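Peer 1:
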Amino acid sequence: MPHPHNKKIQSFWLITGIIFIAFNLRPAITSVGPVISSIRAELHMSNGAAGFLTALPLLSFAVLSPLAPKLGQRLGNERTLWLGLVILLIGVLTRSTGYTAALFFGTALIGVGIAIGNVLLPSLIKHKYPEKPGIMISLYTTSMNIFAALASGVSVPLATQMNGGWKQAFLLWGGLALLALLIWIPQLRHRDTANQTMKLQSSSIWASKMAWYVTIFMGLQSFLFYSSIAWFPEILRSHGIDTATAGWMVSLMQFASLPSTFLTPVLADRVKQQRGIVAALASVYLIGLCGLLAGGSHTLLAIWMIIIGIGQGSSISLALTLIGLRSENAQQAAALSGMSQSFGYLLAAVGPIFVGYLFDQTHSWTMPIVLLIAALIVMGAAGQGAGRDRYIFQSEKQRNSA
8 MPHPHNKKIQ SFWLITGIIF IAFNLRPAIT SVGPVISSIR AELHMSNGAA GFLTALPLLS
68 FAVLSPLAPK LGQRLGNERT LWLGLVILLI GVLTRSTGYT AALFFGTALI GVGIAIGNVL
128 LPSLIKHKYP EKPGIMISLY TTSMNIFAAL ASGVSVPLAT QMNGGWKQAF LLWGGLALLA
188 LLIWIPQLRH RDTANQTMKL QSSSIWASKM AWYVTIFMGL QSFLFYSSIA WFPEILRSHG
248 IDTATAGWMV SLMQFASLPS TFLTPVLADR VKQQRGIVAA LASVYLIGLC GLLAGGSHTL
308 LAIWMIIIGI GQGSSISLAL TLIGLRSENA QQAAALSGMS QSFGYLLAAV GPIFVGYLFD
368 QTHSWTMPIV LLIAALIVMG AAGQGAGRDR YIFQSEKQRN SA
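Just so we're on the same page, the working numbering is the position in the sequence shown counted from 1, plus 7.
Encoded structure:
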């Protein structure tokens, strides 16, 4: 039996490692939106091509998410997460060379690396902390959003002050990935064998109505998040805000999301049904998007961004919390995480591309924002289904026992 002191040290490094992996799951993506106009001008991209660039990590998520649980079963979750960080680091280095082909290829690799963390961290948390997943999901999602916000805010100042421009600014996030790699090394001695103890038929989860509710909720909150990260800077610029300020306002939106990001999983863990939480966050989100559609002064726009951030923070943390709450064990959590982040991110990938396409066709941001409002309404409806007090296979069990 491990000495209590050793257990505390192991727990410290595990929690620290989870936090630092979470730090890496958004900056390489959220740092792109504020400087997309510079990238587009330098590489002569259309809005559609720029939208595809921002959607590329999501396509990687969609392709890799179903494979990540299987890779975790084969190598162990700890080793697979470390491999994901290696791939992420290679992607950051490749993208920072500045060549068009390398920009797209490196971005795809970044998506692969992040996909592994996205899928396996909720499963790891469910296995390591079965009695208190809510607080750990809070810690994980809050850590993720802190650096997502930071990346949005510092991208333009870094790109402006550095000789290498946006290329050198992107390169800095490789240092964060390297640091996480080093911190996660102690976990390589362990192997999370939870996924080996029980085999779950991968096809069965796709027949679960509850799993589909969670997947649609996950997909549409991602649709909204990544569309906003990609295009809100441009929308704000259309209201007369300069590039640097627009970047900081998107950063403000993400910092405003932190309290709701942390509190929502804790609250969701304490109530049997989460439908009331879904209704509240969707209402707040809707107010913010309608305000952005109406426009206003710079101060008013900042207020709308804060309100959107509150709804956004709640939705992303609740989506991840639902993976654990609707699963009876870590195996189901891994399968549900893979499904929701595969189909879900495939749906999300359409967002930045279609928003860019709508703007190219209409030369106005009205229809793109209306599209986001429509997606929010459907997300709220799916959340009402996902918020019921049931496991993903419970209805099937009830029918079999009837």
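We put the beta carbon where it would ideally sit given N, CA and C, even for glycine. This structure is a prediction, so every number in the text was calculated from the model and none was measured.
#1: Please report the straight-line C-alpha distance between Trp173 and Thr222, rounded to a whole angstrom.
#2: Do Ala340 and Pro129 count as a contact pair if the criterion is CB distance below 8 Å?
#3: Using 8 Å as the threshold, is the C-beta distance between Leu96 and Leu185 below it?
#4: Can you have a look at Phe19 and say buried or exposed, based on whether 16 or more other CB atoms are within 10 angstroms of its CB?
#5: State yes or no: is the C-beta of Ala155 within less than 8 Å of the C-beta of Phe68?
#6: Residues in the same chain with beta-carbon distance under 6 Å from Thr328, minus the five sequence neighbours each way, listed in chain order, please.
#7: Contact between the region 230-250 and the region 363-377: three or more CB pairs below 8 Å?
#8: Figure out for me which residue from Thr148, Tyr233, Asn13, Ser38 has the closest Cα to the Cα of Gln175.
#9: Measure the C-alpha to C-alpha separation of Trp191 and Tyr352 and round it to an integer number of angstroms.
#10: Quick check on DSSP: helix, strand or coil for Met205?
#11: Just to confirm the assignment, what range does the alpha helix (DSSP H) spanning Ser234 have?
#12: DSSP three-state call for Pro64: helix, strand or coil?
#13: Do you know offhand how far Leu296's Cα is from Ile94's?
#14: Quick check: Ser347 and Met225, are their CB atoms within less than 8 Å of each other?
#15: So, is Gln319 buried or exposed, given that buried needs 16 or more other C-beta atoms within 10 angstroms?
#16: Taking all protein chains shown into account, do 16 or more other C-beta atoms lie within 10 angstroms of the C-beta of Ala201, making it buried, or fewer, making it exposed?
#17: Taking 7 Å as the cut-off, does the CB of Leu157 come closer than this to any heavy atom belonging to the ligand ZN?
#18: Determine the closest residue to Ala309 out of His246, Arg333, Val278, with distance taken between C-alpha atoms.
#19: Among Gly113, Trp311, Ser322, which has the Cα closest to the Cα of Leu288?
#20: Pick helix, strand or coil for Pro104, following the three-state DSSP scheme.
#21: Gln401 and Gly316 - do their beta-carbons sit closer together than 8 Å?
#22: From the DSSP output, in three-state form, read off Val278 for me.
#23: Look at the alpha carbon of Lys15 and the alpha carbon of Thr268, and state the distance between them as a whole number of angstroms.
#24: In whole angstroms, give me the CA-to-CA distance for Gly303 and Thr252.
#25: Give the single residue among Pro76, Pro41, Thr148 whose Cα lies nearest to the Cα of Asn31.
#26: Identify every run of the alpha helix (DSSP H) within the region 295-333, keeping only runs that are complete inside it and at least 4 residues long; order them along the chain.
#27: Just the Cα atoms here: how many angstroms apart are Phe112 and Met52?
#28: For Gly254, which residues in the same chain have their Cβ closer than 7 Å to its Cβ, ignoring the five residues on either side in sequence?
#29: Considering only their Cβ atoms, is the gap separating Leu92 from Arg102 smaller than 8 Å?
#30: Which whole-angstrom value is the C-beta distance of Ser344 and Val99, which I expect to be below 8 Å?
#31: Quick check: what's the CA-CA separation for Trp219 versus Trp213?
#32: Take the Cβ of Pro137 as the centre, count every other Cβ of all protein chains shown within 10 Å, and call the residue buried at 16 or more, exposed below.
Peer 2: On the basis of the supplied data:
#1: 34 Å
#2: yes
#3: yes
#4: exposed
#5: no
#6: Ile144, Pro272, Ala275
#7: yes
#8: Ser38
#9: 26 Å
#10: Any reading at Met205 needs caution, since the residue's pLDDT is 46, under 50, leaving its predicted position unreliable; the model's value is listed next. In this structure, Met205 counts as coil in the three-state DSSP scheme.
#11: 216-245
#12: helix
#13: 35 Å
#14: yes
#15: buried
#16: For Ala201, the pLDDT reaches just 47, beneath the cut-off of 50, and the residue's location in the model is therefore unreliable, leaving the point undetermined.
#17: With respect to small molecules bound, the structure shown includes none, and the ligand ZN cannot be examined in it.
#18: His246
#19: Ser322
#20: Sequence check: residue 104 is Thr here, not Pro. Note: Thr104 maps to coil in three-state DSSP.
#21: no
#22: coil
#23: 27 Å
#24: 16 Å
#25: Thr148
#26: 305-332
#27: 16 Å
#28: Pro41, Ser159, Gly160, Ser162, Val163, Pro240
#29: no
#30: With a Cβ gap of about 24 Å, Ser344 and Val99 do not count as contacting.
#31: 7 Å
#32: exposed
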